[in-house]
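Trainee: Have a look at this one before I ask anything.
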Amino acid sequence: MIVQEYRKFMFNGCRYMIMLAIVLFGFLRAEAQDMPDYVYIGATKQYHVNPVPGSTYTWWVDGVQQTGVTSNVIEIAWNTPGKFILSVQEHSAGCDGPVQTGEVYVYQFTLPDPFAECVENIQNAYYNTVTEQIVIEQLDYYTFKPGDTRLDLSPSNFADIIPTSCPVEIHWQIDFSPTPDPVTHNPVTKPSVSGTGQPSTYGSEIQFPGDGVDFNSVVHTITYKIVDCNNNISYTNTQKITIKPRPNIILKNL
Numbered sequence: 152m153i154v155q156e157y158r159k160f161m162f163n164g165c166r167y168m169i170m171l172a173i174v175l176f177g178f179l180r181a182e183a184q185d186m187p188d189y190v191y192i193g194a195t196k197q198y199h200v201n202p203v204p205g206s207t208y209t210w211w212v213d214g215v216q217q218t219g220v221t222s223n224v225i226e227i228a229w230n231t232p233g234k235f236i237l238s239v240q241e242h243s244a245g246c247d248g249p250v251q252t253g254e255v256y257v258y259q260f261t262l263p264d265p266f267a268e269c270v271e272n273i274q275n276a277y278y279n280t281v282t283e284q285i286v287i288e289q290l291d292y293y294t295f296k297p298g299d300t301r302l303d304l305s306p307s308n309f310a311d312i313i314p315t316s317c318p319v320e321i322h323w324q325i326d327f328s329p330t331p332d333p334v335t336h337n338p339v340t341k342p343s344v345s346g347t348g349q350p351s352t353y354g355s356e357i358q359f360p361g362d363g364v365d366f367n368s369v370v371h372t373i374t375y376k377i378v379d380c381n382n383n384i385s386y387t388n389t390q391k392i393t394i395k396p397r398p399n400i401i402l403k404n405l
């Protein structure tokens with residue numbers, strides 16, 4: 152809640168209308184929320200102060216003036232992680248208002264290395280005397296087991312510059328590419344798997360289908376995003392999960 156009081160007075164030939172306000176983080180606001188602001192690298196955010204007719208404004212990021220912007224609104228693309236001070240000052244009829252400042256925390260996460268594994272060994276197969284073919288009815292797959300940290304994000308990638316009062320939560324989703332059914336050869340797409348926290352703590356095995364018909368590598372994906380305590384949602388970042396095929400089994404007459 153903002154409590155406002157207006158007073159007019161003369162100072163050095165300038166006529167001021169001063170707005171005295173009691174607000175938690177001052178006048179500077181990030182879109183619809185008060186400062187400080189929490190954003191993710193690559194995001195573009197809008198910041199504003201209450202407009203005064205006829206006034207112009209100067210904006211700074213860590214003391215560097217943002218050229219080409221003179222209105223009470225600015226959009227900034229945050230392309231470097233870290234803590235920044237965003238400042239703005241109003242100018243009216245040759246007179247300068249007080250500088251308003253706010254903190255902006257820009258953080259990022261780095262993907263784990265690309266993941267590649269071979270499908271698991273064949274458990275059973277039989278010879279069809281009618282078609283004279285070896286039949287393998289099981290779906291070729293690789294099993295990702297609980298506790299495997301190869302798909303985890305390193306906490307140091309996004310937690311080191313975030314205040315401890317604003318913890319973050321990892322959200323991830325694995326999307327599977329279609330693979331041919333071993334019997335009908337029709338493409339089959341497994342439902343996506345998603346969770347919160349690190350993938351290693353999911354709690355159950357995840358089977359990544361491979362190709363046991365055409366024996367091609369299959370590329371699945373895992374997509375990550377981070378949500379902080381202010382419900383700010385990061386950009387999404389996707390990594391490949393490649394499942395390589397086993398050798399084909401061919402019947403030969405000797």
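All residue numbers for the sequence shown refer to the working numbering, where the first residue is 152 and numbers rise by one. Idealized CB from N, CA, C, for every residue including glycine. Predicted model only: the values in this text are computed from it and were never measured.
Give a yes or no on whether the C-beta atoms belonging to Pro396 and Asp362 are separated by under 8 angstroms.
Mentor: Yes, the pair counts as a contact, with Cβ atoms nearer than the cut-off.
Trainee: Beta-carbon within less than 7 angstroms of Ile321's beta-carbon, same chain only, minus the 5 sequence neighbours each way: which residues are those?
Mentor: Excluding positions up to five away in sequence, the list reads Leu304, Thr347, Gly348, Gln349, Tyr375, Ile377.
Trainee: Check Phe176 in the structure and name its three-state DSSP category.
Mentor: Below a pLDDT of 50, predicted positions are generally treated as unreliable, and Phe176, at 31, falls in that range; the measurement from the model is reported next regardless. Of the three classes helix, strand and coil, the one that applies to Phe176 here is coil, per DSSP.
Trainee: Please look up how many angstroms separate the CB atoms of Tyr293 and Glu268, rounded, as I've assumed it's under 8 angstroms.
Mentor: Rounded, the Cβ-Cβ distance is 5 angstroms, consistent with contact.
Trainee: His371 to Pro360, Cα distance in whole Å?
Mentor: Their Cα atoms are separated by approximately 9 angstroms.
Trainee: Kindly indicate the opening and closing residues of the beta strand (DSSP E) around Leu237.
Mentor: Here the beta strand (DSSP E) through Leu237 covers 233-243.
Trainee: Which residue from Thr335, Val344, Trp229 puts its Cα closest to that of Phe327?
Mentor: Among Thr335, Val344, Trp229, the Cα nearest to that of Phe327 is on Val344.
Trainee: Would you identify the three-state DSSP class for Thr352, choosing helix, strand or coil?
Mentor: Of the three classes helix, strand and coil, the one that applies to Thr352 here is helix, per DSSP.
Trainee: Is it a yes or a no for the segment 207-224 touching the segment 275-287, going by three-plus beta-carbon pairs under 8 angstroms?
Mentor: Touching, no, given that fewer than three Cβ pairs across the two stretches are closer than 8 angstroms.
Trainee: Using beta-carbon positions only, say whether Thr393 and Pro265 come within less than 8 angstroms of one another.
Mentor: A contact, by the Cβ cut-off of 8 angstroms.
Trainee: Quick one: grab the DSSP three-state call for Pro263.
Mentor: In this structure, Pro263 counts as coil in the three-state DSSP scheme.
Trainee: List the whole-angstrom C-beta distance separating Ile192 from Asn230, where the pair is believed to meet the contact cut-off of C-beta under 8 angstroms.
Mentor: Sure, about 6 angstroms apart at Cβ, within 8 angstroms.
Trainee: Which residue's Cα is closest to the Cα of Arg301: Asp291, Pro331, Ser238, Thr352?
Mentor: Ranking Asp291, Pro331, Ser238, Thr352 by Cα distance to Arg301 puts Thr352 first.
Trainee: Roughly how many whole angstroms lie between the Cα atoms of Ser238 and Gln216?
Mentor: Going from the Cα of Ser238 to the Cα of Gln216 covers about 9 angstroms.
Trainee: Spatial neighbours of Trp211 within its chain, please: CB distance less than 7 angstroms, with the 5 preceding and 5 following residues excluded, ordered by chain position.
Mentor: The answer, listed in chain order, is Gln217, Ser238.
Trainee: Would you list the residues sitting across from Thr282 in a DSSP beta bridge?
Mentor: For Thr282, which the question treats as bridged, DSSP gives no partner whatsoever.
Trainee: Alpha carbon to alpha carbon, how far is Asn279 from Pro263? Give it in angstroms, no decimals.
Mentor: Each residue's Cα considered, the two are about 44 angstroms apart.
Trainee: Please look up how many angstroms separate the CB atoms of Val364 and Pro333, rounded, as I've assumed it's under 8 angstroms.
Mentor: Contact flag correct, Cβ pair sits at about 6 angstroms.
Trainee: Could you give the distance in angstroms between the alpha-carbon of Pro398 and the alpha-carbon of Glu271?
Mentor: When rounded, the distance between both Cα atoms is 11 angstroms.
Trainee: Between the alpha carbons of His336 and Ile384, how many angstroms are there, rounded?
Mentor: Going by the C-alpha atoms only, they are around 40 angstroms apart.
Trainee: Any heavy atom of the ligand SAM closer than 7 angstroms to the beta-carbon of Asp299?
Mentor: Within the structure as shown, the ligand SAM is missing, as the structure has no ligands at all.
Trainee: Are the beta-carbon atoms belonging to Gln251 and Val200 less than 8 angstroms from one another?
Mentor: Taking 8 angstroms as the Cβ cut-off, Gln251 and Val200 qualify as a contacting pair.
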